[in-house]
């Protein structure tokens, strides 16, 4: 069975709250988070260390076929998960990618703008 989970950025405490811990969460809390862009679902993709990747995560990607590296954000657009770089990119050959989780858009805003 597919493991489906979500997380919400808690602005007051500045932490991620995961669906496995939502005992006191109400439907209104979840709906508000979705409306404000703070609700993220798991993509089904895994980082190299088997960490699940969510919408809004920043990854460092190594394309083993082209032998190149880039940073991107995991986004859900057009009915699918994509990696967003300077342009929205549909990567259909995930098998060629090794991805390392390097942050997310809430804890590490601006990380993708930094040069290594």
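Residue numbers (the numbering used here): 67 to 182.
From the three backbone atoms N, C-alpha and C, an ideal C-beta is built for every residue, glycine too.
All values reported here derive from a predicted model rather than from experimental measurement.
Residue i: first and last residue of the uninterrupted beta strand (DSSP E) it sits in
{"i": "residue 166", "result": "163-170"}
{"i": "residue 138", "result": "134-143"}
{"i": "residue 149", "result": "146-150"}
Reduced DSSP category for residue i - H, G, I as helix; E, B as strand; rest coil
{"i": "residue 94", "result": "helix"}
{"i": "residue 99", "result": "helix"}
Residues sharing a beta bridge with residue i, DSSP
{"i": "residue 112", "result": "118"}
{"i": "residue 251", "result": "The structure shown does not extend to residue 251, since the chain is modelled only from 67 through 182, so no value can be given for it."}
{"i": "residue 73", "result": "84, 106"}
{"i": "residue 123", "result": "170"}
Candidates the options, of which the one nearest residue i by Cα
{"i": "residue 178", "options": "98, 162, 126, 114", "result": "126"}
{"i": "residue 167", "options": "93, 144, 116, 175", "result": "116"}
{"i": "residue 132", "options": "73, 162, 140", "result": "162"}
{"i": "residue 108", "options": "89, 85, 79", "result": "85"}
{"i": "residue 262", "options": "119, 146, 165", "result": "Shown here, the chain extends from 67 to 182; a query on residue 262 therefore has no answer."}
Residue j beta carbon less than 8 Å from that of residue i
{"i": "residue 122", "j": "residue 102", "result": "no"}
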